[in-house]
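For what it's worth, this note's numbering labels the leading residue of the sequence shown as 4, then goes sequentially. A short write-up of the structure that comes next.
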Amino acid sequence: MALILKEIDKESHIQFLKSYQTFSFLQLPCWAEVKGGWKSKNIGWFDERKLVCVGLVLIRNIPKTKWSLFYLPEGPVLSPEYAKNVIDWLTPLKDFAKSSGAFNLKLGPQVTINTWNATTIKNAISDNSYKKFRDVDPDRVNPFGLDIAIKLKNLGGKQIESTGEGFGDVQPRFVFAIDVEDKTDEQLLSSFSQEWRRNIKKAEKLEVKVKRANFDDLETFHNLYKETSKRDKFSPRPLSYFKQMWTSLNNNSNDLAEMRLYLAEQENVCHAACLWVKVGKHVWYTYGASSTIGRELRPSNAIQWQMMRDARDAGASIYDMRGIAATLNEKSALFGLLRFKIGTGGKVVQYVGEWDFIFKPLVYKAFRVALARRG
4 MALILKEIDK
14 ESHIQFLKSY
24 QTFSFLQLPC
34 WAEVKGGWKS
44 KNIGWFDERK
54 LVCVGLVLIR
64 NIPKTKWSLF
74 YLPEGPVLSP
84 EYAKNVIDWL
94 TPLKDFAKSS
104 GAFNLKLGPQ
114 VTINTWNATT
124 IKNAISDNSY
134 KKFRDVDPDR
144 VNPFGLDIAI
154 KLKNLGGKQI
164 ESTGEGFGDV
174 QPRFVFAIDV
184 EDKTDEQLLS
194 SFSQEWRRNI
204 KKAEKLEVKV
214 KRANFDDLET
224 FHNLYKETSK
234 RDKFSPRPLS
244 YFKQMWTSLN
254 NNSNDLAEMR
264 LYLAEQENVC
274 HAACLWVKVG
284 KHVWYTYGAS
294 STIGRELRPS
304 NAIQWQMMRD
314 ARDAGASIYD
324 MRGIAATLNE
334 KSALFGLLRF
344 KIGTGGKVVQ
354 YVGEWDFIFK
364 PLVYKAFRVA
374 LARRG
């Protein structure tokens, strides 16, 4: 039987999330405050009078039209006993989106499908016959997640494949994560590659200091971030975005999230900066930046090592280094990201990924063309 979907207030949304240990910070009601240019709705699914699932919907209107994109980044947040009956929660969600003027509904529950250990991926890279993760047998398969993905497809969902070797989704389908719970420093270091251990020692020897910074230091982060964007050729977000992110996630009224800023310095010169976000037992490395000058100091290794240990000390079980491309091609420009992260000895995790339910194909096609032109 289909569940009943209703708009709910922020407090009801927050109270429901407090009963969960794992969900994405992108599904916090306060995340809507960060996304300038988007409207939002907090929604809940009810089994009779019981709230059983929730979602933050971001809504982007197409100028000069009556149509909107409805987007649930890394959501909705689904109770396991209800998540498996996809038609029961998807049907009212589609009806709600269509009746509200959506030309497209995009969603991506944070449910895993496959997991590969770092050793498995390293062996596949050495073999040279594997091109993508999907060519490599996973170490673990989650039947629950696989079943959800199959049902989303069978119910009309479309999964957009990247045109190149990129991430494929707005939010990453593949991430690199490290289990940190109850691990000692020695246990964590033992899983690192020799290069990673050597770089950490080098940074310590050269007196690279990693510190937690404050709101006022976001400008230091942003200056490095802009430098990184020029070097890596992407469009940077404005400083105001990160200031709002800090304000929203560190708002004590929600009591669910924490955001931190870390700086790696030598002789009071900042060479790397990263943002760290915690919800429940999950910590994400969300944004990173570094200077071209001083890379030989290995500040990026030093700062990750500190953030990882702080995640463990804050009670997290997972330190999530976020997205990696699906490619195993060492010649790809995106391969360096995997090479850096895999040196920590963690694991590659594949999520269900994002699915599009298209209600107005012509509007959707025009929207995709406009996105492609923007690059």
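Glycine residues also receive a C-beta, built at the ideal position from the N, C-alpha and C atoms.
{"query": "Can you give me the C-alpha to C-alpha distance between P175 and K208, rounded to a whole angstrom?", "result": "35 Å"}
{"query": "Near L300, which residues of its chain fall below 7 Å by C-beta distance, leaving aside the five closest residues on each side in sequence?", "result": "A206, L209, V211, Q269 and H274"}
{"query": "Return helix, strand or coil for W358, following the three-state DSSP convention.", "result": "strand"}
{"query": "Using a Cβ-Cβ cut-off of 7 Å (strictly less than) and excluding sequence neighbours within five positions of V80, which residues of its own chain qualify?", "result": "L20, Y23, F26, Q30, C56, V57 and G58"}
{"query": "Can you give me the C-alpha to C-alpha distance between F170 and R312, rounded to a whole angstrom?", "result": "Unreliable placement is indicated for F170, whose pLDDT of 49 sits below 50; no coordinate value is reported for it."}
{"query": "Using 8 Å as the Cβ pair cut-off and three pairs as the minimum, do the region 211-221 and the region 359-371 touch?", "result": "no"}
{"query": "So which of L264, V286, I17 and K38 has the shortest CA-CA distance to A276?", "result": "L264"}
{"query": "Would you mind giving the Cβ-Cβ distance between Q113 and E77, rounded to the nearest angstrom? I have them listed as a contact below 8 Å.", "result": "5 Å"}
{"query": "So what does DSSP say about Q197, is it helix, strand or coil?", "result": "helix"}
{"query": "Out of curiosity, what's the CA-to-CA distance linking L221 and R200?", "result": "29 Å"}
{"query": "Verify whether the separation of the beta carbon atoms of I345 and F179 is less than 9 Å.", "result": "yes"}
{"query": "Mapping the DSSP letters down to three states, classify F224 as helix, strand or coil.", "result": "helix"}
{"query": "Quickly, what does DSSP pair L75 with across the bridge? List them, please.", "result": "L110"}
{"query": "Can you list, in chain order, the residues of its chain with a C-beta nearer than 8 Å to that of G399? Leave out the 5 residues immediately preceding and following it.", "result": "What the structure shows of the chain is the stretch from 4 to 378, and residue 399 is not part of that stretch, so it cannot be assessed."}
{"query": "Determine the direct distance from the alpha carbon of N255 to that of K44, and round the result to whole angstroms.", "result": "21 Å"}
{"query": "Return yes when the Cβ of G349 is within less than 9 Å of the Cβ of Y367, no when it is not.", "result": "no"}
{"query": "How many whole angstroms separate the CB atoms of I203 and T347, which I take to be in contact at a CB cut-off of 8 Å?", "result": "With a Cβ gap of about 11 Å, I203 and T347 do not count as contacting."}
{"query": "Rounded C-beta distance between L155 and K109? I'm assuming under 8 Å.", "result": "The pair is not a contact, with the Cβ atoms about 12 Å apart (cut-off 8 Å)."}
{"query": "My guess is that V351 and F177 are in contact by the Cβ rule of under 8 Å, so how many angstroms apart are they, rounded?", "result": "6 Å"}
{"query": "Just to confirm, is the Cβ distance from P95 to L8 under 9 Å?", "result": "yes"}
{"query": "Can you tell me whether DSSP reads S335 as helix, strand or coil?", "result": "coil"}
{"query": "What are the boundary residues of the beta strand (DSSP E) that Q269 is part of?", "result": "A260 to Q269"}
{"query": "Below 9 Å between beta carbons: does that hold for A5 and I90?", "result": "yes"}
{"query": "CB L331 to CB Y133, shorter than 9 Å?", "result": "yes"}
{"query": "What is the rounded straight-line gap between the Cα of S82 and the Cα of Y244?", "result": "31 Å"}
{"query": "Over the uninterrupted beta strand (DSSP E) stretch that includes F49, give me the two end residues.", "result": "K42 to D50"}
{"query": "Tell me which residue opens and which closes the alpha helix (DSSP H) that A152 is part of.", "result": "P146 to N157"}
{"query": "Suppose contacts are defined by Cβ-Cβ distances below 9 Å. Is I62 in contact with F370 by that definition?", "result": "no"}
{"query": "Check each candidate in A329, R376, K334 and H285 and name the one with the smallest Cα separation from W119.", "result": "A329"}
{"query": "State the DSSP-derived secondary structure class of N304, mapped to helix, strand or coil.", "result": "helix"}
{"query": "Closest to K87 by CA distance: which of A317, P146, D138 and R52 is it?", "result": "P146"}
{"query": "Should R234 go down as buried or exposed, given a rule of 16 or more other Cβ atoms within 10 Å for buried?", "result": "exposed"}
{"query": "Who are the near neighbours of A35 in its chain, counting only those whose CB is closer than 6 Å to its CB and skipping five residues on each side?", "result": "S43"}
{"query": "For A292, which beta-bridge partners are listed by DSSP?", "result": "A276"}
{"query": "Any beta carbon of chain C sitting closer than 9 Å to that of R325?", "result": "Protein chain content of the structure displayed is limited to a single chain, and chain C is not contained in it."}
{"query": "Kindly list the residues whose CB is nearer than 8 Å to the CB of T68, restricted to its own chain and excluding five residues on each side of it in sequence; keep chain order.", "result": "V366"}
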